[in-house]
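Residue numbering for the sequence shown follows the numbering used here, starting at 6 and increasing by one per position. Remarks on the structure that follows.
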Amino acid sequence: MDSSDRCRLVDYAQHAYGRERGCTVTIDENAIQARLGANIKARREKLGLAQTTLGERSGVHRTYINQLENGHKNLTVVVLSRLADALGTTPSALTKGLLSEEQPDGGLEALP
6 MDSSDRCRLV DYAQHAYGRE RGCTVTIDEN AIQARLGANI KARREKLGLA QTTLGERSGV
66 HRTYINQLEN GHKNLTVVVL SRLADALGTT PSALTKGLLS EEQPDGGLEA LP
């Protein structure tokens, strides 16, 4: 995500919260990665799956899953979709709560 994409996302989020627009908010990418990794790990553990098993089901290498769960790697939408399928959930369920602690869906509405 480049800086113009970040600004558009921040502007949209600010608009959704009824705040004045302007790219003045910094998104903490490390916190987002850590929270997403925690969501993946929680779902995997809830299902009683080892990282190796999740890797076999998703086609994602176990060490990459470990790095994701520990917040050390970013992932693509394709990998997110594969992991969600292997975990019997949706990508949106795994990304829930990433943009806002106040509202689990980040306060964003679906774009038309």
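All C-beta atoms, glycine included, are put in the ideal place defined by N, C-alpha and C.
Assumed close pair residue i, residue j - CB separation to whole angstroms, cut-off 8 Å
i	j	result
L92	R48	5 Å
A89	L103	Contact doesn't hold; Cβ gap of about 14 Å is too wide.
Q56	I70	5 Å
C-beta contact flag for residue i and residue j at 8 Å
i	j	result
G76	R67	no
E74	K51	no
Member of the options whose CA lies at the smallest distance from the CA of residue i
i	options	result
K101	N79, V65 and G42	G42
D33	N79, S86, P96 and T95	N79
What residue ranges within the region 27-100 form continuous alpha helix (DSSP H) runs of no fewer than 4 residues, ordered along the chain? Look at the region 27-100 and you find these whole runs of alpha helix (DSSP H), each 4 residues long or longer: 34-51, 56-63, 67-74, 82-91 and 96-99.
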